[in-house]
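Residue numbers (the working numbering): 602 to 935.
For every residue, glycine included, the Cβ atom is placed at its ideal position computed from N, Cα and C.
Since the structure is predicted, the reported quantities are computational estimates derived from the model, not experimental observations.
Step one of this worksheet: look at the structure below.
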Ligand SMILES: NC(=O)c1ccc[n+]([C@@H]2O[C@H](COP(=O)([O-])OP(=O)(O)OC[C@H]3O[C@@H](n4cnc5c(N)ncnc54)[C@H](OP(=O)(O)O)[C@@H]3O)[C@@H](O)[C@H]2O)c1
């Protein structure tokens, strides 16, 4: 199922093989696996494209508009696909007939979802229905990305079996999407994640680490919440969780996040310590002092036992994540 590589591509793949963390291509247990990614221009989408290319997997990247991953020195299949357009979804999936669809695209800004509930529903729920139907028709393994925000945050960290109870529209929409996926008549997996951070050469959004670093570097005072708990997730770890799920064809619900329970204040202190920055400009605040359109769950975080046991998932620590991100900012091609 591998795609044909050009001479230039082969040079890049050879380069990748020199990296010890990447197995040589011919040592992979090749399962018939062509993977189609939705939302490939997003943070997770970009990390997934890079990882799957490194792993020698045949892939089709899809997103709305033009391909914004032009920085990789290897060519890959790209196709425009607006997931809210049912005909387009059917057409693209029928054309490529992948073995696996990894659905990363979504409306991910929580306040935007609260303010544009119709748009959020279209993207986060109706579009999922289109994908489920297309996957059912061709018996494709659907891997769907979900969130800790399906929980109310009263008793985190949560296991896969805990009872959801969203407190905002984003969480509601993602939970409704989960219900659609769970009743799909094809193999499916739901990967729930938390506060994803990372950097790519064509970044669509900033992240908590870079935001804190930038402010502290410029001596700007920052008010940071200390009563919301999360298990922040390095984007590379989440991409690996998706890959492991596809490779093992593991079905069901899996928590894929970081493991450390931190507040944004705790994340700021760790970021300051890593970059050796002055912490006196950091002020702790309560979430109640912020005026945000969407309510946030106070304490989420996810328990990872199942993903560790079944997928062999091993997340990095927050410090390791900051180090990786720092290296990528210095050398965008790393
Ligand atoms: N980021 C987090 O902290 C977080 C936390 C929990 C769960 N998750 C979940 O993890 C998944 C991946 O998140 P992420 O961080 O990679 O999000 P992201 O960076 O915001 O990427 C989402 C992508 O979806 C694309 N998209 C929007 N509308 C589309 C449409 N109609 N057709 C095709 N693509 C469309 C966006 O395209 P444009 O770039 O063109 O706008 C964007 O590239 C999502 O399902 C999200 O709900 C994320």
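Per DSSP, which residues does residue i bridge with? Please list them.
i           : result
residue 824 : 884
residue 680 : 663
residue 863 : 831
residue 636 : 660 and 701
residue 844 : DSSP output for residue 844 lists no bridge partner at all.
residue 798 : 835
residue 759 : 903
How many whole angstroms separate the CB atoms of residue i and residue j, which I take to be in contact at a CB cut-off of 8 Å?
i           : j           : result
residue 769 : residue 750 : 7 Å
residue 640 : residue 705 : 4 Å
residue 891 : residue 795 : Actually they are not in contact, since the Cβ atoms of residue 891 and residue 795 sit about 19 Å apart, beyond 8 Å.
residue 635 : residue 700 : 5 Å
residue 785 : residue 736 : 7 Å
residue 813 : residue 872 : 5 Å
residue 728 : residue 694 : Actually they are not in contact, since the Cβ atoms of residue 728 and residue 694 sit about 13 Å apart, beyond 8 Å.
residue 850 : residue 777 : Residue 850 to residue 777, Cβ: 25 Å. No contact.
residue 647 : residue 834 : That belief does not hold up - the Cβ atoms of residue 647 and residue 834 are roughly 15 Å apart, past 8 Å.
For residue i, does the three-state DSSP call read helix, strand or coil?
i           : result
residue 622 : Unreliable placement is indicated for residue 622, whose pLDDT of 36 sits below 50; the coordinate value is still reported in the next sentence. If DSSP states are grouped into helix, strand and coil, residue 622 belongs with coil.
residue 709 : coil
residue 813 : helix
residue 670 : coil
residue 834 : strand
residue 742 : strand
residue 901 : coil
residue 701 : strand
residue 914 : coil
residue 793 : strand
residue 855 : strand
residue 751 : helix
residue 685 : coil
residue 615 : Any reading at residue 615 must be qualified, since the residue scores a pLDDT of 38, below 50, and its modelled position is unreliable; the value itself is stated next. If DSSP states are grouped into helix, strand and coil, residue 615 belongs with the helices.
residue 727 : helix
residue 718 : helix
residue 807 : coil
residue 870 : helix
Among the options, which residue has its Cα nearest to the Cα of residue i?
i           : options               : result
residue 866 : 687, 834, 851 and 829 : 829
residue 911 : 862, 847, 685 and 919 : 847
residue 855 : 708, 779 and 662      : 779
residue 868 : 801, 759, 708 and 918 : 918
residue 885 : 819, 713, 870 and 763 : 870
residue 663 : 643, 652 and 672      : 643
residue 655 : 876, 676 and 786      : 676
residue 875 : 690, 738, 889 and 811 : 811
residue 709 : 726, 698, 688 and 697 : 726
residue 841 : 773, 897, 671 and 744 : 744
residue 903 : 792, 853 and 732      : 792
residue 862 : 894, 896, 887 and 900 : 900
residue 831 : 748, 894, 638 and 819 : 748
residue 697 : 849, 765, 766 and 741 : 741
residue 758 : 716, 864 and 712      : 864
residue 711 : 695, 894, 690 and 816 : 894
residue 673 : 803, 788 and 906      : 803
residue 907 : 762, 652, 755 and 692 : 762
residue 703 : 687, 730, 746 and 756 : 746
residue 638 : 657, 679 and 755      : 679
residue 686 : 671, 665 and 669      : 665
residue 922 : 852, 836, 824 and 857 : 836
residue 652 : 723, 690, 823 and 843 : 843
residue 905 : 932, 857 and 920      : 857
Leaving out five residues on either side along the sequence, give the residues of the same chain with a beta carbon under 7 Å from the beta carbon of residue i.
i           : result
residue 845 : 912, 913 and 914
residue 733 : 743, 781, 782 and 785
residue 721 : 708, 714, 770, 771 and 774
residue 628 : In this predicted model, residue 628 has a pLDDT of only 34, less than 50, meaning its place in the structure is not dependable; the value taken from the coordinates is given anyway. Hits under 7 Å: none found.
For residue i, which residues of its own chain have a beta-carbon under 6 Å away from its beta-carbon, when the five flanking residues on both sides are left out?
i           : result
residue 916 : 838, 859 and 860
residue 808 : 798
residue 670 : 647 and 650
residue 718 : 770
residue 767 : 751, 773 and 776
residue 754 : 898, 899, 900 and 901
Skipping 5 residues on each side, what residues in its chain have a beta carbon closer than 8 Å to that of residue i?
i           : result
residue 667 : 681
residue 619 : Unreliable placement is indicated for residue 619, whose pLDDT of 36 sits below 50; the coordinate value is still reported in the next sentence. Nothing meets the Cβ criterion.
residue 928 : 935
residue 878 : 814, 817, 818 and 872
residue 955 : For the chain, the structure presents residues 602 to 935; residue 955 sits outside this window and is missing.
residue 888 : 826, 828, 829, 897 and 899
I'd like to know whether the C-beta of residue i is nearer than 8 Å to at least one C-beta of chain B.
i           : result
residue 641 : Checking the listed chains, one finds no chain B in this structure; it contains a single protein chain.
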